[in-house]
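Reviewing the structure listed below.
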Amino acid sequence: MTVRAVVLPGTPLLVPGAAGAGSVLDDTRAAALAALSRLVDGVRLAEGDGPAPLVVVARGPARTRGPARASLAAAGVADARLDTAWAVATRAGAADLPTAGTAASVGLLALAGAGWAGRVDVVEVDDADLSAAHALGADLLRQGARVVVVDDPRGAAPDAVLAGFGAAPGGGRRHVATGEYEERGYEVRWYDDGALASPGSAGFVSR
Numbered sequence: 001m002t003v004r005a006v007v008l009p010g011t012p013l014l015v016p017g018a019a020g021a022g023s024v025l026d027d028t029r030a031a032a033l034a035a036l037s038r039l040v041d042g043v044r045l046a047e048g049d050g051p052a053p054l055v056v057v058a059r060g061p062a063r064t065r066g067p068a069r070a071s072l073a074a075a076g077v078a079d080a081r082l083d084t085a086w087a088v089a090t091r092a093g094a095a096d097l098p099t100a101g102t103a104a105s106v107g108l109l110a111l112a113g114a115g116w117a118g119r120v121d122v123v124e125v126d127d128a129d130l131s132a133a134h135a136l137g138a139d140l141l142r143q144g145a146r147v148v149v150v151d152d153p154r155g156a157a158p159d160a161v162l163a164g165f166g167a168a169p170g171g172g173r174r175h176v177a178t179g180e181y182e183e184r185g186y187e188v189r190w191y192d193d194g195a196l197a198s199p200g201s202a203g204f205v206s207r
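First residue of the sequence shown: 1, per UniProt numbering; consecutive thereafter.
As structure tokens, then:
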């Protein structure tokens with residue numbers, strides 16, 4: 001089955017190097033990379049100016065869809081500290097690309113860590129209009145996109161996108177592990193075609 005959606009925990013600690021020399025979230029990272037490797041398997045590199053085949057969705061202020069450069073600087077993590085394979089996403093594309101927020105950057109970096117070198121669109125969503133977030137998910141499903149949703153317990157918008165995409169919170173498969181620092185659970189979820197419901201209503205603004 002084709003994996004169509006992966007949900008990652010929205011912590012910079014998922015990125016190797018973000019915690020310095022310390023080894024943290026190894027099991028969660030391995031599960032994330034395994035799921036993302038299945039997500040990108042068979043995806044053709046996009047040509048021209050059309051939508052990218054992969055989309056990272058995360059909590060943030062932007063209301064448009066397009067490419068972005070990853071950075072964890074806002075979380076106090078310099079690009080130079082990151083694992084070199086993952087850090088490819090900090091140098092992606094043209095120098096004038098906007099910088100993604102921390103949560104979206106985790107998704108971009110993880111895709112690079114999984115070996116994806118093609119185009120990725122980023123959509124940052126907030127809780128101001130959950131119906132628009134739901135419609136975005138439905139649009140992405142209809143377009144045949146594969147999505148990485150970065151979870152954030154502070155907001156409902158990422159879950160609304162997932163609902164529109166047909167990825168029910170109790171569906172899919174999951175890996176849960178306890179983090180070494182906070183002693184809290186970190187969950188990675190992934191959904192294949194057979195786990196997705198039918199799309200809902202449409203409508204979202206793209207850049």
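Idealized CB from N, CA, C, for every residue including glycine.
Backbone secondary structure at residue i - three-state DSSP
{"i": "VAL149", "result": "strand"}
{"i": "VAL77", "result": "coil"}
{"i": "PRO67", "result": "coil"}
{"i": "LEU54", "result": "strand"}
{"i": "LEU25", "result": "coil"}
{"i": "ARG44", "result": "coil"}
{"i": "GLY172", "result": "coil"}
{"i": "LEU8", "result": "strand"}
Cut-off 6 Å between Cβ atoms - residues of its own chain near residue i, not counting five sequence neighbours on either side
{"i": "GLY118", "result": "LEU45"}
Straight-line gap, residue i to residue j (C-alpha atoms, nearest Å)
{"i": "ASP127", "j": "ALA30", "result": "30 Å"}
{"i": "LEU130", "j": "ALA104", "result": "18 Å"}
{"i": "GLY60", "j": "ALA78", "result": "20 Å"}
{"i": "LEU22", "j": "VAL6", "result": "Note on identity: in this sequence residue 22 is Gly, with Leu being the wrong assignment. Between GLY22 and VAL6, the C-alpha separation is close to 26 Å."}
{"i": "VAL88", "j": "ASP26", "result": "20 Å"}
{"i": "GLN143", "j": "GLY20", "result": "39 Å"}
{"i": "PRO53", "j": "ALA156", "result": "24 Å"}
{"i": "THR28", "j": "TYR191", "result": "17 Å"}
{"i": "TRP86", "j": "PRO169", "result": "28 Å"}
Presumed contact (8 Å Cβ cut-off) between residue i and residue j, rounded CB distance
{"i": "VAL24", "j": "GLY172", "result": "Not a contact, Cβ separation roughly 25 Å."}
{"i": "VAL15", "j": "LEU111", "result": "So it is not a contact: roughly 11 Å between Cβ atoms."}
{"i": "PRO158", "j": "VAL149", "result": "5 Å"}
{"i": "LEU97", "j": "ARG69", "result": "5 Å"}
{"i": "ARG4", "j": "LEU196", "result": "6 Å"}
Sequence-distant residues of its chain with Cβ nearer than 7 Å to residue i (five each side left out)
{"i": "VAL114", "result": "Just to set this straight, residue 114 is Ala in the shown sequence, not Val. These residues qualify, in order along the chain: LEU33, LEU36, SER37, VAL40."}
{"i": "GLY107", "result": "LEU8, VAL56, ALA58, VAL148, VAL150"}
{"i": "PHE204", "result": "Low confidence applies here, because PHE204 scores a pLDDT of 42, under 50, leaving its location unreliable; read the following figure in that light. Excluding positions up to five away in sequence, the list reads ALA132, ALA135, LEU136, ASP139."}
Cβ-based neighbour list, residue i, same chain, cut-off 8 Å, excluding 5 preceding and 5 following
{"i": "ALA74", "result": "GLY101, THR102"}
{"i": "GLY185", "result": "VAL176, ALA177, THR178, GLY179"}
Whole runs of the alpha helix (DSSP H) within the stretch 90 to 168, excluding any shorter than 4 residues: Taking only runs of at least 4 residues, the alpha helix (DSSP H) segments lying wholly in the stretch 90 to 168 are 102 to 113, 130 to 143, 157 to 165.
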